[in-house]
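Counting from 1 along the sequence shown, just add 8 to a position and that's the residue number in our numbering. No residue lacks a Cβ here, since even glycine has one placed at the ideal position from N, Cα and C. Worksheet: the structure to be examined is printed underneath.
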Amino acid sequence: MLTDTHTHLNAEQFDEDRTEAIKRAQEAGVTRIVNIGINREYIPSSIALAEQYDFIYTTVGWHPVDAIDMMPGDLEWLEELSKHEKVVAIGEIGLDYHWDKSPKDVQQRVFREQIRLARKVGLPIVIHNRDAHHDVLQILKEEKAAEVGGIMHCFSGSWETAKQCIDMNFHISFGGPVTFKNAKQPKEVLAQVPLDRLLLETDSPYLTPHPYRGKRNETAYVRLVAETAAEIRGMSLEEIAEVTTANAIRLFGLK
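Here it is, written out as structure tokens:
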């Protein structure tokens with residue numbers, strides 16, 4: 009009963025074995041997958057993948073790194089796509105101050121526009137936050153993102169930041185980095201997140217968990233994240249899987 013709430017199975021890294029990777033995920037106990045749309049190039053293929061498999065869902069959104077490429081009319085395009093029965097969220101959206109492809113002011117404008125879109129269409133949001141904790145939180149507050157809530161994808165902040173996110177109706181999601189031996193802060197935060205706000209993900213093909221770090225990630229490895237979460241929380245793998253899947257079903261309205 010595992011759920012991967014954030015993966016990119018339509019990425020070119022899976023072009024040679026996408027079908028096999030999805031089968032391996034099922035064999036690992038994954039029953040629901042949320043594939044993430046990120047820009048004009050990848051959103052159509054993410055929707056197509058969700059249409060192909062009844063247990064795969066998709067999001068539509070503009071990644072902050074690509075914010076500079078968002079053209080007039082693209083927001084309306086996202087709004088139209090959000091009506092698709094397999095689209096369960098707006099995302100991934102947010103801020104990324106690590107890469108400098110898109111200026112900060114452009115990222116912030118596109119982020120705000122998409123939060124407003126999510127509120128308009130009544131869908132939760134999937135947040136990408138890299139080196140931008142303060143500005144992400146400020147914009148979420150100013151744009152009343154608590155009305156729709158969502159998920160802090162691959163959370164890397166402090167417990168204080170996590171608490172502020174939870175207070176704004178967000179779930180905290182952990183991926184491969186929480187399995188790293190030196191991941192002290194993520195482990196500490198995972199130990200404190202209320203169970204009804206905890207989610208799991210892979211962000212495959214990126215952020216591969218231990219012991220496969222350095223190799224391509226895939227959705228089947230969400231089981232490794234779940235095993236780490238179970239160990240940290242003093243629960244069984246089955247209990248963690250049941251709780252986090254129930255959270256995903258409730259948040260995204262999955263079957």
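State yes or no: is the C-beta of residue i within less than 8 Å of the C-beta of residue j?
i	j	result
Ile133	Ala97	yes
Leu268	Leu125	As shown, the chain starts at 9 and ends at 263. That puts residue 268 outside it, with no answer to give.
Ser54	Thr66	yes
Ala249	Gly37	yes
Gln116	Asp143	yes
Ala154	Asn137	no
Thr27	Glu209	no
Ala75	Val118	yes
Met160	His179	yes
His71	Glu35	no
Asp104	Val73	yes
Phe163	Val114	no
Arg127	Lys152	yes
Nearest to residue i by alpha carbon, out of the options?
i	options	result
Val251	Phe260, Tyr229, Arg221, Leu207	Leu207
Leu17	Gly222, Ala29, Thr11, Trp107	Ala29
Pro80	Glu121, Asp25, Thr11, Asn177	Glu121
Pro213	Met160, Arg224, Phe178, Ala238	Arg224
Ala237	Glu226, Asp25, Pro217, Gly222	Pro217
His92	Thr15, Asp82, Ala56	Ala56
Met10	Ile123, Glu151, Arg32	Here residue 10 turns out to be Leu, not Met, going by the sequence shown. Selected option, being the one with the closest Cα: Arg32.
Arg48	Leu148, Asp23, Asp77	Asp77
Lys195	Asp139, Gly165, Pro219	Gly165
Val95	Arg127, Lys149, Ile51	Ile51
In whole angstroms, give me the CA-to-CA distance for residue i and residue j.
i	j	result
Ile240	Gly261	28 Å
Leu245	Val156	30 Å
Gln193	Leu145	19 Å
Asp62	Gly183	24 Å
Ile257	Leu131	13 Å
Asn190	Asn43	28 Å
Asp175	Leu259	15 Å
Arg221	Leu215	8 Å
Asp82	Val233	35 Å
Tyr229	Asn255	19 Å
Lys109	Thr187	30 Å
Thr15	Thr227	7 Å
Met293	Leu203	What is shown of the chain runs 9 to 263, which leaves residue 293 out entirely.
Gln60	Asp23	15 Å
Asp25	Thr253	26 Å
Lys112	Ile64	33 Å
Glu235	Trp167	21 Å
On the three-state DSSP scale, how would you describe residue i?
i	result
Ser54	helix
His161	coil
Asn255	helix
Ala36	coil
Ile44	coil
Leu215	coil
Leu262	coil
Phe182	strand
What residue range does the beta strand (DSSP E) around residue i cover?
i	result
His141	No beta strand (DSSP E) contains His141, which is instead part of the alpha helix (DSSP H) from 141-150.
Val201	Note, Val201: premise wrong, no beta strand (DSSP E); not H, not E.
Thr67	64-68
Ile135	133-138
Ala154	That residue, Ala154, is in no beta strand (DSSP E); it is neither H nor E in DSSP.
Glu100	95-104
Glu12	The amino acid occupying residue 12 in the given sequence is Asp; Glu does not appear at that position. Note, Asp12: beta strand (DSSP E), 10-15.
Ends of the alpha helix (DSSP H) at residue i?
i	result
Ala126	112-129
Val233	230-241
Lys189	Premise fails: Lys189 is in no alpha helix (DSSP H) and is neither H nor E.
Gln21	Counting along the chain, Gln21 falls outside any alpha helix (DSSP H), and DSSP gives it neither H nor E.
Asp175	167-175
Glu84	82-89
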